[in-house]
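A short write-up of the structure that comes next.
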Amino acid sequence: MKFKIALPFALITLLFAACLPPADPYPYAPPATVLSEAQLLSDSLEAYIIRWAAGNASPNIPNHLIPQGISDSRNFYLKDPDSVTVEEIWATRFAKPINKDSLLTGIPDPNFTYLFLGTALAPFGSKLVIEGEFPHCRFFSYQISPPLNGTEYYSQRQFGTAEVGIVDADIEPLPGHTNPFRVGANRNATLRKYHLEFPLVQGNPTALNAPAHDFPYRGSGNERKGAMLVYQGPLGHKTVAGTPVQYPGDWNLGCIWVRYYQPDSAQGPLAGVPMPRAWFELPSGQRYFIGSDFSALQRRADTTSANRVTAPSNNPNFGPSEGWYKSWGITRSMLNGICQSNAWSRPDSGARVRAIELGWTGRGENQPAPGNIEPHATTNNFASYIGRSASVDDDEVLVVTGKLPTMPATYQGQSTMAAGQMRYWSICGIDTDFLSPLPATTIHAVSGDDLVLDADRNFVIAYSRSTNRPANAIAGNGVTWVDWGTQSDLGLLMRWVSVGPEWLFPLAPHEHNLDFAHSDWAGTQYDSTLLGQNWRHGFLRCYLPRLHKMSVAQFEAIGSQVAADNVPVWVDSSYDKAGAADSQLGVVTASATLDGNPVNQAFNANDGLVSTAWSSAFGVPAATITIDLGQVRKISAVKLHWDWIFFGKNYTVEASVDGTTWTNVATAVQENGAIDLYPRLQGLSARYIRLNLTAYNVGYYRLLEFEVYTMDCDCDAIITGVTPVSPEGSYQLYPVPATTHITLSRANGSPVTITLFDLQGRVLEQRLSSQTRDDFEINALPAGTYLLRITQGGGRSTTLKWIKQ
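Positions in the sequence shown are counted from 1; adding 65 to them yields this note's numbering.
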């Protein structure tokens, strides 16, 4: 949640429609100069506090002692901590159900309560002290703006470097009291108080807070080091759109965030405990409190807007194969989204995004810690944020399917905190329309506790207009229905909260699994197969939500037993790009090819590229091309991308579970090329899909891509690898996907040549082998899709495809 948003994302997109802004030089000022100036500001403020504490100065702090650039507070004052009210300490936003007539801005999850230190200003050498009670909720944490080092920036109280966090389970309770967030602890203990201290310092945040400012952000003890004075860099003088800010300056207030995720149902938005007390202490031990008028900040937090009706505006660059994107910073996500919305070249635009982000925030994949860590300003250090664009029109249903990791049950006031694979999960729908009175309002939200789950923890979420809710979209049919609202285009934001090792999953999307370089769209080694494709073969497998779009009638046609593995895959005949087809991980064979040139071979028909093709033998109308999916799967659709001249006119689509007995799926007569689509093949299970071609348009067949889509939602089945059967024998390539090595096993040890190469045809390794097992070390390879070809005597070959993560 943000209490302040400078400009709505879509307005920024509009301003940057032609090109990205120029990058600011980095560093914006020499770090030593930043630290020196900060120390002067701090010393002046501290001297005044000491005079006030001795009774020699007014409680009203003179404006010349307040750093320039502060926009949220006015009229700073000093006060005895014992006379301070909690309303003077905290700006608040409380958990409450979504009301579409009264929507809150700042991307909030409605299940969260946020407390934000209203006046986060104090000199270096002081410490912030906070005392409170452990709340009754799912997750609880504190985060403080980091120690000042002059190399990362924290601007407009929302952009830049990560805060330093302390999570619930790591907080030591007072003697005789209970920390209810530890595994096995009594969540309903009566005595539940804690005491925290935050020394305010300069220096490297990661070194000063080791190991708590490095993944997994855990550390013992109730002390974390931070600062209440932050350097803003270039965004202290302009918005991200380049327009002037209202209160320019190099400096701003720091922050303390307090998060209560999903308060217990009977405990209210403050999770059944009073708001904490907070004060500062000088090095001498003298206690004081700095306050201010932060009513403008609170008004922004409380301002609401009604959901509006907007015309459909589906972006063609977010088609059925588009997946999700991981956030590595708010500014980074905005810039990436602009590039994606405009379909700009990733290599060129990605370099520009990296340069802009470095100049604005000092962050980047090649920066030293903390400039290269996943957490960033104003976001939960223990959450990974995964987002994408989506749209729902009047007669449409957007279906999201997937699998939910385990998490502790707390909402009904359960007595014991349990371990799990994660701590919290949700998907929120966010308004990104530049015409919105309030940017980034949350239109709808569904948490893990809201989902209808089957016995394997699979879920089906159906989004639609309230006026067009499918009749079968009910919990009794296995469906979680969500009112999309009156807008067509929204952003979907998934929060995945891990607190390792007690609440951690091997497939969690945190930075040690999905790093900056590979998972950020602008990263130097970005790999779209990890998150960016709408399928179940990425890093998260079944745990990455898959989107399906259809009409209300098509959803109702599924019937009363709706499940994650019987929802038709979203595939569109108007979408002329290669899609995220399961056939890309299969093996393709053909009866013949035009010649021995690699550009005409069968493996080109399932390489995910419409720029390559299989070409059949010239002048031979009878031909077959077959996809082996490796095991029997639930088939949803077949899509054929034909050459515009050399296409198949007459053919059948056939399916088989064993490669021997075939069932006719579809018959094509006098087709005209381009794209042939056979969707919603309900009830069809097969391992092999074959085209039996009998008549071409001119001379031979040229098939750009042979796509087969499946509906399976069995993570264990998906990761077993493919076992293609060919005339040369049986091959198994595993694991698929792979990370450190790939193994090829085969039925016999006849001499073969094994060639490893990438999709551009570059040979990476080649060996002669007479073994039944060959291991390949792949640590040095960048993430991506690769091919492995086994060539026997006489030139016969089989090509297998695999993914490096």
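C-beta: ideal position from N, C-alpha, C; glycine also. These figures come from a predicted structure and were not determined experimentally.
Report, in whole angstroms, the separation of the C-beta atoms of residue i and residue j, which I expect to be a contact under 8 Å.
{"i": "Asn-372", "j": "Ile-154", "result": "The pair is not a contact, with the Cβ atoms about 33 Å apart (cut-off 8 Å)."}
{"i": "Val-266", "j": "Phe-189", "result": "6 Å"}
{"i": "Leu-853", "j": "Leu-768", "result": "Not confirmed; about 22 Å, so no contact."}
{"i": "Ile-700", "j": "Ser-648", "result": "About 10 Å; that fails the 8 Å criterion."}
{"i": "Cys-202", "j": "Tyr-326", "result": "6 Å"}
{"i": "Phe-224", "j": "Arg-324", "result": "That pair is no contact at about 19 Å."}
{"i": "Asp-514", "j": "Tyr-476", "result": "5 Å"}
{"i": "Gly-485", "j": "Trp-568", "result": "5 Å"}
{"i": "Arg-406", "j": "Ser-501", "result": "This sequence places Ser at residue 406; Arg is not what is there. Their Cβ separation, rounded to whole angstroms, is 16 Å, which puts Ser-406 and Ser-501 out of contact at 8 Å."}
What are the start and end residues of the beta strand (DSSP E) that includes residue i?
{"i": "Glu-772", "result": "767-775"}
{"i": "Met-615", "result": "611-616"}
{"i": "Pro-571", "result": "Per DSSP, Pro-571 belongs to no beta strand (DSSP E) and is neither H nor E."}
{"i": "Ser-449", "result": "448-456"}
{"i": "Ile-154", "result": "First-last for Ile-154: 151-154, but that is the alpha helix (DSSP H), not the beta strand (DSSP E)."}
{"i": "Trp-561", "result": "554-562"}
{"i": "Phe-159", "result": "Where Phe-159 is concerned, there is no enclosing beta strand (DSSP E), given that its DSSP letter is neither H nor E."}
{"i": "Pro-264", "result": "258-264"}
{"i": "Val-232", "result": "229-232"}
{"i": "Phe-872", "result": "With the chain running from 66 to 870 in the structure shown, residue 872 is simply not present."}
{"i": "His-493", "result": "Before going on, a small fix: residue 493 reads as Cys here, not His. 489-495 is the extent of the beta strand (DSSP E) around Cys-493."}
{"i": "Ile-740", "result": "740-743"}
Helix or strand or just coil, what does DSSP make of residue i?
{"i": "Leu-758", "result": "strand"}
{"i": "Lys-391", "result": "strand"}
{"i": "Ser-701", "result": "strand"}
{"i": "Arg-668", "result": "A quick correction: the sequence has Phe, not Arg, at residue 668. In the structure shown, Phe-668 sits in a helix (DSSP, three-state: H, G or I)."}
{"i": "His-509", "result": "strand"}
{"i": "Ser-531", "result": "helix"}
{"i": "Gln-735", "result": "coil"}
{"i": "Thr-654", "result": "strand"}
{"i": "Gly-301", "result": "helix"}
{"i": "Arg-222", "result": "coil"}
{"i": "Tyr-325", "result": "strand"}
{"i": "Arg-601", "result": "coil"}
{"i": "Arg-439", "result": "Per the sequence shown, residue 439 should be read as Glu rather than Arg. Of the three classes helix, strand and coil, the one that applies to Glu-439 here is coil, per DSSP."}
{"i": "Ser-148", "result": "helix"}
{"i": "Ser-648", "result": "helix"}
{"i": "Phe-205", "result": "strand"}
{"i": "Phe-581", "result": "helix"}
{"i": "Tyr-608", "result": "helix"}
{"i": "His-575", "result": "coil"}
{"i": "Asp-521", "result": "coil"}
{"i": "Gln-619", "result": "helix"}
{"i": "His-806", "result": "strand"}
List the endpoints of the continuous alpha helix (DSSP H) containing residue i.
{"i": "Thr-589", "result": "No alpha helix (DSSP H) contains Thr-589, which DSSP labels as neither H nor E."}
{"i": "Arg-397", "result": "395-406"}
{"i": "Gly-415", "result": "411-426"}
{"i": "Gln-104", "result": "96-118"}
{"i": "Ala-366", "result": "360-367"}
{"i": "Leu-596", "result": "593-596"}
{"i": "Thr-271", "result": "270-273"}
For residue i, count the other beta carbons within 10 Å of its own beta carbon; 16 or more makes it buried, fewer makes it exposed. Which is it?
{"i": "Cys-84", "result": "exposed"}
{"i": "Pro-789", "result": "Because the pLDDT at Pro-789 is just 36, under 50, the model does not fix this residue reliably, and the value given afterwards should be weighed accordingly. With 16 or more Cβ atoms within 10 Å of its Cβ, Pro-789 is classed as buried."}
{"i": "Gln-626", "result": "exposed"}
{"i": "Gly-661", "result": "exposed"}
{"i": "Ser-123", "result": "exposed"}
{"i": "Ala-688", "result": "buried"}
{"i": "Gln-598", "result": "buried"}
{"i": "Ile-321", "result": "buried"}
{"i": "Arg-289", "result": "buried"}
{"i": "Thr-850", "result": "buried"}
{"i": "Arg-352", "result": "exposed"}
{"i": "Leu-516", "result": "buried"}
{"i": "Leu-746", "result": "buried"}
Spell out a yes or no on whether the stretch 356-368 and the stretch 132-147 are touching, meaning 3 or more CB-CB pairs, one atom from each, closer than 8 Å.
Enough Cβ pairs lie closer than 8 Å, so yes.
Between the stretch 711-725 and the stretch 645-663, are three or more C-beta pairs nearer than 8 Å?
No, the stretch 711-725 does not touch the stretch 645-663.
Are at least three pairs of beta-carbons, each pair with one atom in the stretch 576-594 and one in the stretch 628-644, less than 8 Å apart?
The stretch 576-594 vs the stretch 628-644: no contact.
Does the stretch 662-677 come close enough to the stretch 726-744 to have 3 or more Cβ pairs within less than 8 Å?
Below 8 Å, too few C-beta pairs join the stretch 662-677 and the stretch 726-744 to call them touching: fewer than three.
The stretch 190-199 / the stretch 334-349 touching (three or more Cβ pairs under 8 Å)
Contact holds: three or more Cβ-Cβ distances are below 8 Å.
Taking 8 Å as the threshold, find out whether the stretch 300-317 comes into contact with the stretch 217-225 through three or more Cβ pairs.
Contact check between the stretch 300-317 and the stretch 217-225: three or more CB pairs, one atom from each, fall below 8 Å, which counts as touching.
Pairing CB atoms from the stretch 304-313 with CB atoms from the stretch 226-242, are three or more of them under 8 Å?
In short, these stretches do not touch, since the Cβ pair count stays below three.
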